[in-house]
Amino acid sequence: MEFDRSAGVLLHITSLPAPYGIGDLGQSALDFIDWTARAGLTWWQMLPLGPAADAAPARINDPYSSQSSWAGSPLYLSLHELVKVGDLKNQDIASYKVDGSKINYLAVTRSRQKLFKLAAKNFFLKQNRTTKQVFTSFCRKEAHWLDDWALFSAAKEVFLNKPWWEWPIDFKQRNKRALTLFSKEYQDIIQVAKYIQFRWFEQWARLKAYAKKKGVGLIGDVPIYCAADSVDVWAAPKMFKLRADGQPRAVAGVPPDYFSRDGQLWGTPVYDWAANARDGFRWWIWRLKGYLRTVDVARVDHFRGFEAYWEIPFPAKNARKGKWVKGPGHAFFAAVRKALGEVPLIAEDLGFITGAVNELRAKWELPGMRVTQFAFSGNPRNCHLPMWHETNSVAYTGTHDNETSLGWYKNARKEIKEHFRFYTGSDGKTPHTDLLKFTFSSVARLAVVPVQDVLGLDNRARVNTPGQHTGLYRWKLKQGQLSLASADTLRYLAERYARVPGLQKKQWV
Numbered sequence: 489m490e491f492d493r494s495a496g497v498l499l500h501i502t503s504l505p506a507p508y509g510i511g512d513l514g515q516s517a518l519d520f521i522d523w524t525a526r527a528g529l530t531w532w533q534m535l536p537l538g539p540a541a542d543a544a545p546a547r548i549n550d551p552y553s554s555q556s557s558w559a560g561s562p563l564y565l566s567l568h569e570l571v572k573v574g575d576l577k578n579q580d581i582a583s584y585k586v587d588g589s590k591i592n593y594l595a596v597t598r599s600r601q602k603l604f605k606l607a608a609k610n611f612f613l614k615q616n617r618t619t620k621q622v623f624t625s626f627c628r629k630e631a632h633w634l635d636d637w638a639l640f641s642a643a644k645e646v647f648l649n650k651p652w653w654e655w656p657i658d659f660k661q662r663n664k665r666a667l668t669l670f671s672k673e674y675q676d677i678i679q680v681a682k683y684i685q686f687r688w689f690e691q692w693a694r695l696k697a698y699a700k701k702k703g704v705g706l707i708g709d710v711p712i713y714c715a716a717d718s719v720d721v722w723a724a725p726k727m728f729k730l731r732a733d734g735q736p737r738a739v740a741g742v743p744p745d746y747f748s749r750d751g752q753l754w755g756t757p758v759y760d761w762a763a764n765a766r767d768g769f770r771w772w773i774w775r776l777k778g779y780l781r782t783v784d785v786a787r788v789d790h791f792r793g794f795e796a797y798w799e800i801p802f803p804a805k806n807a808r809k810g811k812w813v814k815g816p817g818h819a820f821f822a823a824v825r826k827a828l829g830e831v832p833l834i835a836e837d838l839g840f841i842t843g844a845v846n847e848l849r850a851k852w853e854l855p856g857m858r859v860t861q862f863a864f865s866g867n868p869r870n871c872h873l874p875m876w877h878e879t880n881s882v883a884y885t886g887t888h889d890n891e892t893s894l895g896w897y898k899n900a901r902k903e904i905k906e907h908f909r910f911y912t913g914s915d916g917k918t919p920h921t922d923l924l925k926f927t928f929s930s931v932a933r934l935a936v937v938p939v940q941d942v943l944g945l946d947n948r949a950r951v952n953t954p955g956q957h958t959g960l961y962r963w964k965l966k967q968g969q970l971s972l973a974s975a976d977t978l979r980y981l982a983e984r985y986a987r988v989p990g991l992q993k994k995q996w997v
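Counting in our numbering, the sequence shown runs from 489 upward without gaps.
Dropping the structure here:
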């Protein structure tokens, strides 16, 4: 796929300035779409939307370790919208108002669990014929994933949040009779899980329709791997390399490098690609098709894993003892193309990239990524310098894994700063704006900038630090922090670099 020359903004749902402790799908999301459109941007990029796995408390908030490839995270549900539809009252949510720039995931999770049970109870008590039909229709239409998700959610609650491989044997092995009896006994809990997804997709549909009306496309994110303790692995264990007890035989990560002598140990089970291939990659095709109903374009995280991936024996303390294993390569994308046609994907091709990875991406005409923070090594052939960008690529100042551009510049070595000032003409006073302009000047059709770089925020607004396992994804905007003036300034820059709709084809004299 190829983009028109355009620009976008990177901000995760959780970082929106919502009043109840965490960003959500309510009014603040619609306001952000208004801000994006005013800024002349045509894309809003966000991180994965699924419920983060909570088997490891330190990683409870990591959107790249999800319990489901299909379900939406309950934490993103807007409490205000639940009040509007009559499932909650204002007094039910009044005491949960929290302002500030850091998310307390434990507090937010506990409050939502309590409120969603109350909201579901009210919904079912007040149901009329119309709402019952709409809910029943949703459950029937989405049954192919919703039934498993609701069962999984209920079992997590009943079995005290233990990972699925520690459940009783009948549940671990998905004995049909045991699951049927469980469904009857815990129907109330299962219905709450279905209610949450019903309201989630209702709120998401409103957001997506509003974005379309405003001319803003949505770019989502597909993690290449699933959490070990996820409904995906529980429901389709043959697609993964698992031991007989359900735990992984091998897990994913990346090898040691300049930044990390131990590498990165992600802990997510790797795929049994031979089993996937024998099944015609149907599980993955089903996954992509489902996600692309939700967003307009999907960034595929860790694209290089489709060519070869770092496989680490389980258990392991770090990623040092891993090895490179061949991925499915062209056969995978041929199967996807045959089943779905040309799908709108962005390949995250950062890190250790070989010629084979580049050839795979080019063969299937997927736009790759370039990050201008990485451009100032002193090598004039550095592929992250805008003069070497491909037109069919996406240029970023930084991603969710990077420092903010202001924080990056402050921490950069002297020679990096010198290269930066040479290439950008910056005097170092507003490095975030200078890097943004440098990125917008790229020949890449799409340029994306994190909100933190628009506002010139330092590393206190950093979202993620690869290899770190605590304090991640906690930053959020404060009410009023995203001003109309910042949108107008960004629009001016987008116009000057011909990234606003309608300006791409004009001839300037």
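Beta carbons: idealized from backbone N, C-alpha and C, even for Gly.
Taking C-beta atoms as the reference points, proline 562 and arginine 598 fail to come closer than 9 angstroms.
Scanning the stretch 538-591 from its first residue to its last, the whole alpha helix (DSSP H) runs of 4-plus residues come out as 567-572 and 578-581. Every unbroken stretch of the alpha helix (DSSP H) spanning 4 or more residues and falling wholly within the stretch 679-726 is given here in chain order: 719-723. Per DSSP, the unbroken beta strand (DSSP E) holding proline 801 starts and ends at 796-801. Bridge partners of arginine 787 according to DSSP: Asp709 and Ile834. Pairing valine 622 with glutamate 690, the inter-Cα distance amounts to about 11 angstroms. Sequence-distant Cβ neighbours of serine 566 in its own chain, meaning closer than 7 angstroms and more than five residues away, are Asp512, Leu513, Gly514 and Gln691.
The DSSP-derived three-state label of lysine 814 is strand. Bounds of the alpha helix (DSSP H) holding tyrosine 897 are 893-899. Look at the beta carbons and you see the stretch 775-787 not touching the stretch 752-765: under three pairs across the two are nearer than 8 angstroms. Check the Cα spacing between glutamine 735 and each of Pro803, Trp688, Ala495 and Lys700: the tightest is with Pro803. Apart from sequence neighbours up to five positions away, the residues of its chain that approach leucine 535 with a beta-carbon distance below 7 angstroms are His500, Pro551, Asp709 and His888, ordered along the chain.
In this model, proline 832 and glutamate 891 are separated by some 28 angstroms (Cα to Cα). Between the stretch 674-687 and the stretch 622-639, the count of C-beta pairs closer than 8 angstroms reaches three or more; the two stretches touch. Taken atom to atom, the span from the alpha-carbon of leucine 529 to that of arginine 979 is near 7 angstroms. Here DSSP, grouped into helix, strand and coil, assigns arginine 948 to helix.
Taking the Cα of glutamate 645 as reference, the smallest distance to any Cα among Ile657, Thr624, Lys664 and Lys605 is reached at Lys605.
Beta-carbon to beta-carbon, aspartate 676 and alanine 666 are separated by about 18 angstroms, too far to satisfy the 8 angstroms threshold. Membership of glycine 968 in any alpha helix (DSSP H) is not indicated, and neither H nor E is assigned to it by DSSP. Segment contact: the stretch 877-886 against the stretch 850-868, three or more CB-CB distances shorter than 8 angstroms; contact assigned. With a minimum length of 4 residues, the unbroken runs of alpha helix (DSSP H) contained wholly in the stretch 866-939 fall at 893-899, 902-912 and 919-928. Residue burial is scored here from C-beta neighbours: alanine 525 has at least 16 other C-beta atoms within 10 angstroms and is therefore classed as buried. Three or more beta-carbon pairs drawn from the stretch 961-978 and the stretch 579-594 are found closer than 8 angstroms, and the two stretches are therefore classed as touching.
Between the stretch 965-974 and the stretch 908-923 there are fewer than three C-beta pairs closer than 8 angstroms, too few to call the two in contact.
Three or more pairs of CB atoms, one per stretch, sit closer than 8 angstroms, so the stretch 921-936 contacts the stretch 855-865.
Leaving aside the five residues that flank arginine 493 on each side, the residues in its chain whose CB is nearer than 7 angstroms to its CB run, in chain order, Arg933, Ala986, Arg987 and Gln992.
For alanine 740, the enclosing beta strand (DSSP E) begins and ends at 738-742. Assigned with DSSP and collapsed to three states, leucine 753 falls in strand.
Take isoleucine 904, set aside five residues on each side of it, and the residues of its chain with a beta-carbon closer than 6 angstroms to its own are Phe864, in chain order.
When secondary structure is reduced to three states using DSSP, phenylalanine 728 falls in the strand class. Here valine 845 carries a helix assignment [DSSP, helix/strand/coil].
Taking lysine 696 as the centre and dropping the five residues before and after it, the same chain places the C-beta of Leu706 closer than 7 angstroms to its C-beta, in chain order. Taking the Cα of isoleucine 521 as reference, the smallest distance to any Cα among Ala982, Ala975 and Arg869 is reached at Ala975.
Secondary-structure assignment with DSSP links glutamine 533 through a beta bridge to Leu498 and Ile707.
Distance from the CA atom of isoleucine 712 to the CA atom of valine 845, rounded to whole angstroms, is 15 angstroms.
DSSP links glycine 856 through a beta bridge to Ser881.
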